[in-house]
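Contents: one structure, followed by commentary.
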Amino acid sequence: MSTKKCVLAYSGGLDTSVILGWLQDQGYEVHAVYVDLGQPCEDRDAIMEKARTCGAASARLIDVREELCRDFAFPVLAWQAKYEQIYLLGTSIARPLISKICLQVAREVGAKAYAHGATGKGNDQCRFQLAAEALDPTVEIIAPWRIKEFREAFPGRTELIDYCEKKNIPVKASTAKPYSSDENVLHISYEAGQLEELDVNGVELVDFGMGVSPQEAPDKSESVTIGFKSGVPVTLDGKEVSALEMVEQLNTIAGRNGVGRIDMVENRFVGMKSRGVYESPGMTVLYDALMYIEQLAMDRDLMHLRDRLAPEVAEMVYYGFWYTPKMDALMSFIQQAQTPVTGEVTLKLYKGNISVDSRKSPNSLYDEEIATMEGGGSYNQDDAEGFLRIQGLPSRVQGRITPRQY
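One point on numbering: in full-length UniProt numbering, the residue at position 241 of the sequence shown is 241, and numbering is uninterrupted.
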């Protein structure tokens, strides 16, 4: 009889440490995968060693920070996609990549099952599973928090810790924060605990990890110059940088200027509303920077079509529909739409605010001679007479047939 094999998306935290042991109790050979998304961590080697000493058949750390920024975050940026107007989707973007990496390991070790520690109430279970099943329709998903026996065995943190002590699984002795967090290079999210109480000020409660508050930021603005090539950020203050370097360096610059914090109540895919506090300093700057180059170089009707579709893209990313034909087609569309969006913008960052200082593009559609309010130029104002008579024709006919009261 062959041993059942599974891969586990492993963070080394309390939940996935318990799940690693529990899966072995169920007869699985467990291969632990720590997907490095740039999340701050005290000691990655210690996390790998912990997985091995706790019985993992293999433990591997796979660095996907560059891929996360280049192939996942930047295409979403090109869409200017924000879920429910303000959330930059930092957690959502990372989940399909985690599933992809775990399935690559599963294929390598011959595992049929993929386990994760997401709860049955949240969005992440949807993102992990929808991505995994799209890549491997035969995959067996193991979500312990959706299994009644697991929940009954571990109704609370105390039982999780007791299990670790019984199994000699090392757990950090620390006072739990009054909220939970999820980190990667794009952002940090904070939710649950005291943040579930809406009369608690979220940005005052949270101990932010990526920057200072606007009140603590310097009293002088800081300038930063970002260059784009076909909608992709490629230069920072005149120097070519990788996608990861762009995000990391902007996190530092924007973070010290108090940029990129939000507090929102959002609609989860599973149907409930939840409250989240997010910080995303570098990506917040990139969204604004790209917008200013688009204003110069992207055609009006194309931009307006993109803007109508952007909430749809944000929703798909948030829900977890990354590996779908619809998303493939939309990503091809935005790559084409961003072709002329090349240029450079200088922004000023000041106490949480972002303002534009200057902008330029070799493909700029802005014609000062046409736009000027002064006389002359190639725009003949007489032409507007016929333009407006044609535009107003339906209203004039309608006004005669069904007069409006005024």
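A virtual CB, placed ideally from N, CA and C, is assigned to each residue, including glycine.
On the premise that C54 lies in contact with L20, defined as a C-beta separation below 8 Å, what is that separation, rounded to the nearest angstrom?
The Cβ separation is near 6 Å, so the contact holds.
Give me the Cα-Cα distance between S189 and Q24, rounded to the nearest whole angstrom.
Spanning the two alpha carbons is a distance of roughly 31 Å.
What separation, rounded to the nearest whole angstrom, lies between the Cα atoms of T158 and T119?
Roughly 17 Å between the two C-alpha positions.
Going by CA-CA distance only, name the one from A78, A51, D207, E108 that's closest to S180.
Minimum Cα distance to S180 is reached at D207.
Provide the residue span of the alpha helix (DSSP H) that contains G343, from first to last.
Where G343 is concerned, there is no enclosing alpha helix (DSSP H), although the beta strand (DSSP E) it sits in stretches over 343-350.
Just to check my reading of the structure: P233 and L309 have Cβ atoms closer than 8 Å, yes? What is that Cβ distance to the nearest angstrom?
Not a contact, Cβ separation roughly 21 Å.
Per DSSP, C6 forms a beta bridge with which residues?
The partner list for C6 (beta bridge, DSSP) reads V30, A113.
Which first and last residues belong to the beta strand (DSSP E) in which T225 is found?
Element bounds for T225: 222-229.
Once the 5 residues before and after M291 are set aside, which same chain residues still bring their CB inside 8 Å of it?
Cβ within range, chain order: Q80.
What's the call for K50, buried or exposed, on a 16-neighbour Cβ count within 10 Å?
That one is buried.
CA-CA distance, Q125 and N363?
Those two C-alpha atoms are separated by around 43 Å.
Does the beta-carbon of E149 have 16 or more other beta-carbons within 10 angstroms, so that it is buried, or is it exposed?
Per the 10 Å Cβ criterion, exposed.
So which of M246, I47, G320 has the shortest CA-CA distance to V270?
Selected option, being the one with the closest Cα: G320.
Taking L68 as the reference, give the member of V139, A9, A176, N184 with the closest Cα.
Out of V139, A9, A176, N184, N184 has the C-alpha closest to the C-alpha of L68.
Looking only at its own chain, which residues have a Cβ that is under 8 Å from the Cβ of V139, when we skip the five neighbours before and after it?
Hits under 8 Å: L103, A106, K112, A113, Y114, A132, E133.
Taking the DSSP output, what are the residues bridged to E191?
Per DSSP, S180, G276.
Which stretch, first to last residue, makes up the alpha helix (DSSP H) that contains V247?
Taken as a continuous stretch (DSSP letters only), the alpha helix (DSSP H) holding V247 covers 243-255.
Could you check the C-alpha separation between V341 and S230 for me, to the nearest Å?
Approximately 5 Å between the Cα atoms of the pair.
For A73, tell me which candidate among L198, R404, L37 has the shortest Cα-Cα distance.
The option with the nearest alpha carbon to A73 is L37.
How is I86 classed by DSSP in three states: helix, strand or coil?
Residue state, collapsed to three classes: coil.
Assign A294 to buried or exposed, taking buried as 16 or more other Cβ atoms, counted over all protein chains shown, within 10 Å of its Cβ.
Note that residue 294 corresponds to Glu in the displayed sequence, not to Ala. With 16 or more Cβ atoms within 10 Å of its Cβ, E294 is classed as buried.
Just to confirm, are H187 and M283 a CB contact at a threshold of 8 Å?
A contact, by the Cβ cut-off of 8 Å.
Indicate whether the contact test is met: 3 or more Cβ pairs, each with one atom in the region 209-224 and one in the region 323-339, closer than 8 Å.
With a cut-off of 8 Å, the region 323-339 and the region 209-224 do not count as touching, because too few Cβ pairs lie within range.
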